[in-house]
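**Student:** Keeping their order, the protein sequence lines are chains A and B.
In case it helps, this note's numbering puts the first sequence at residues 224 to 410.
In case it helps, this note's numbering puts the second sequence at residues 421 to 585.
Below is a structure I'd like to ask you about.
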Amino acid sequence: MIRSEVLKTLIPMISDQLVVSNIGLPSQELHLLDDQPTNFYMLGTMGLASSIGLGLALAQKAKVIAIDGDGSVLTNFGTLPTIANNPADNFILLIIDNGSYGSTGDQPTYAGMKTSLAKVAEACGCDNVVECSAEDTAAAVQAALDGDKMTIIVSKCESGNIKVPVIDMDAPVIRHRFMAEVSRRNA
Amino acid sequence: MSINQKIVNDFIKNKIEFVTTVPCKQLAGVIDEIETSKDIYHIPSNKEDEGMGLCAGAYMGGKRSAIIMQNTAIGVTINTLVTLIQYYNIPLPMLISYRGEIGEPVACQVEMAVHTKALLNQLNIPTYHFHTQSDADELDGILNHSFMAKKPVAILTDASFWQGA
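Here it is as structure tokens:
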């Protein structure tokens, strides 16, 4: 399974949840599969989906799923100790680990070689780290949503992309409709 | 009241509840004050662009946020300032120690100081330079301005400002 296929299996359980999605194809695929006001699409700034997701989870009560990639976590490694030491039990970090920089032409990442992001997350002090196959990702996300513990999921999937259009929604519009939804859920 | 207390009081007055910091010697006192404040959640970050991501998330979660960092961070965060903070119209007060100004003991700090205002100017970020303690009287208004305009603002605080503490 490739990332877009994994995302497709997640839609039934994340459609109504607050989701922060990573720059590039992950956001574009989510937008194509299931555009929702509960989705915050990153149009730029590689690496910060997990940081935005953690800040959002710490600031309010609703559950937050940050959908990140292995390349993006590698570029913002400092995020894992911050997540570990500021636990938010309403936060789920889902790292779609396809061992490649998908949006830029599938160049290999170190996560697809010797580096284990799950072990790094554990070494950084994250308590609930789950590594799973692409096929088991939906069940892992559902279990994390059912529990009330901050969870890091590393979903090992295949490299590969589908053709998706870019998101033409303006950034302040994405933010504004997302914030209205966050506010409604915390009313 | 110490200058550190005054700064934190102005943060609280402007309903800032979430502050991330990357330390600098000049900022040690104000970071201590943030850490002990009951009204502010202090989350140290490992790099300033990470910190801006945390602040953006907290803001969208309904908590006003701010970052405290050194001017060297301008070099680290240009992409984040442009493609996240400015692109999405997110307010972000940045309290910045302006290293490399008169009184600076470390020559290397001057190398970034000579670029600091030029870079902020290039990015169209409203910039305020605190040189004496009385300059901090403007802080309340500057913070209010950032949230009103939904823009990042830079408050540069130099060695002369902190020596008066």
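Glycine residues also receive a C-beta, built at the ideal position from the N, C-alpha and C atoms.
Here the structure is a predicted model, which means the values were calculated and not measured.
For V352/A, write down the residues that DSSP places opposite it in a beta bridge.
**Tutor:** Along the first sequence, one-based indexing puts residue 352/A at 129. V352/A is bridged to I375/A.
**Student:** Give me, in chain order, the residues of the same chain whose beta-carbon lies closer than 6 Å to that of T500/B; leave out the 5 immediate sequence neighbours on both sides.
**Tutor:** In the second sequence, counting from the first residue as 1, residue 500/B sits at position 80. Excluding positions up to five away in sequence, the list reads D469, M472.
**Student:** Determine whether the Cβ of A394/A lies closer than 9 Å to any Cβ atom of chain B.
**Tutor:** Residue numbering aside, residue 394/A sits at position 171 when the first sequence is read from its first letter. Answer yes: the Cβ-Cβ gap between A394/A and chain B drops below 9 Å somewhere.
**Student:** Give the straight-line distance between the Cα atoms of G449/B and L266/A, rounded to the nearest whole angstrom.
**Tutor:** Along the second sequence, one-based indexing puts residue 449/B at 29. Along the first sequence, one-based indexing puts residue 266/A at 43. Rounded to the nearest angstrom, the two C-alpha atoms are 37 Å apart.
**Student:** State the beta-bridge partners of P464/B as determined by DSSP.
**Tutor:** As a working note, residue 464/B is residue 44 in the second sequence. Answer is T441/B, bridged to P464/B.
**Student:** Below 8 Å on the Cβ atoms is my guess for H549/B versus L576/B; work out the distance and round it to an integer in Å.
**Tutor:** If you number the second sequence from 1, residue 549/B lands on position 129. If you number the second sequence from 1, residue 576/B lands on position 156. About 5 Å separates the two Cβ atoms, so the contact holds.
**Student:** Whose C-beta lies closer than 7 Å to the C-beta of P443/B among residues of the same chain, with five residues either side of it excluded?
**Tutor:** Indexing the second sequence from 1 puts residue 443/B at position 23. I451, listed in sequence order.
**Student:** Keeping to the same chain, check which residues put their C-beta closer than 8 Å to that of L253/A; ignore five residues upstream and five downstream.
**Tutor:** Here residue 253/A refers to the residue found at position 30 of the first sequence. So the qualifying residues of the chain are L230, V242, S244, N262, Y264, I290.
**Student:** Does any residue of chain C bring its CB to less than 9 Å from the CB of P511/B?
**Tutor:** The chain labelled as chain C is not found among the protein chains of the depicted structure, namely A and B.
**Student:** Starting from the beta carbon of V405/A, find every residue of chain B whose beta carbon is closer than 8 Å, and list them in chain order.
**Tutor:** To locate residue 405/A, count along the first sequence from 1; it is residue 182. Within chain B, the residues near V405/A are M480, G481, G482.
**Student:** So I318/A is in the beta strand (DSSP E); what residue range does that whole segment cover?
**Tutor:** As a first step, residue 318/A is located in the first sequence; it is residue number 95 there, counting from the start. Counting along the chain, the beta strand (DSSP E) containing I318/A begins and ends at 314-320.
**Student:** Check each candidate in V287/A, I390/A, A344/A, D329/A and name the one with the smallest Cα separation from L368/A.
**Tutor:** Mapped onto the first sequence, residue 368/A falls at position 145. It is V287/A.
**Student:** Once you ignore the five residues that flank N351/A on each side, which residues in its own chain have a CB closer than 7 Å to its CB?
**Tutor:** For the purposes of this step, residue 351/A is taken as residue 128 along the first sequence, with counting starting at 1. The answer, listed in chain order, is K372, M373, T374, I375.
**Student:** Could you tell me whether the segment 422-436 of chain B touches the segment 556-569 of chain B, where touching means 3 or more Cβ pairs closer than 8 Å?
**Tutor:** Yes: the two stretches touch, three or more of their Cβ pairs being nearer than 8 Å.
**Student:** Closer than 7 Å by beta-carbon distance: list the chain A residues that pair up with C475/B, in chain order.
**Tutor:** Residue mapping note: residue 475/B aligns to position 55 of the second sequence, counting from 1. Neighbours of C475/B on chain A, chain order: G278.
**Student:** On the DSSP bridge list, what partners appear for D291/A?
**Tutor:** Locating residue 291/A in the first sequence gives position 68, counting from the first residue. In DSSP, D291/A forms a bridge with I318/A.
**Student:** Take Q542/B as the anchor and find which of E521/B, I494/B, G561/B has the nearest alpha-carbon.
**Tutor:** Here the question's residue 542/B lines up with position 122 in the second sequence. The shortest C-alpha separation from Q542/B is found at I494/B.
**Student:** Return yes when the Cβ of S554/B is within less than 9 Å of the Cβ of L447/B, no when it is not.
**Tutor:** As a position in the second sequence, residue 447/B is number 27, starting the count at 1. As a position in the second sequence, residue 554/B is number 134, starting the count at 1. Their beta carbons are not under 9 Å apart, which means L447/B does not touch S554/B by this criterion.
**Student:** Can you find a CB in chain B that lies within less than 9 Å of the CB of P235/A?
**Tutor:** Translated into the one-based positions of the first sequence, residue 235/A becomes position 12. Taking Cβ atoms only, chain B never reaches closer than 9 Å to P235/A, which makes this a no.
**Student:** If V502/B sits next to K467/B, beta carbons under 8 Å apart, how far is it from one beta carbon to the other, in whole angstroms?
**Tutor:** Translated into positions along the second sequence, residue 502/B becomes position 82. Translated into positions along the second sequence, residue 467/B becomes position 47. In fact, because the Cβ distance is near 17 Å, the residues do not count as touching under 8 Å.
**Student:** Show which residues of chain B have a CB atom less than 9 Å away from the CB atom of M373/A.
**Tutor:** Reading the first sequence from its first residue, position 150 is the one you call residue 373/A. Here the premise fails: no neighbours, minimum Cβ distance about 14 Å.
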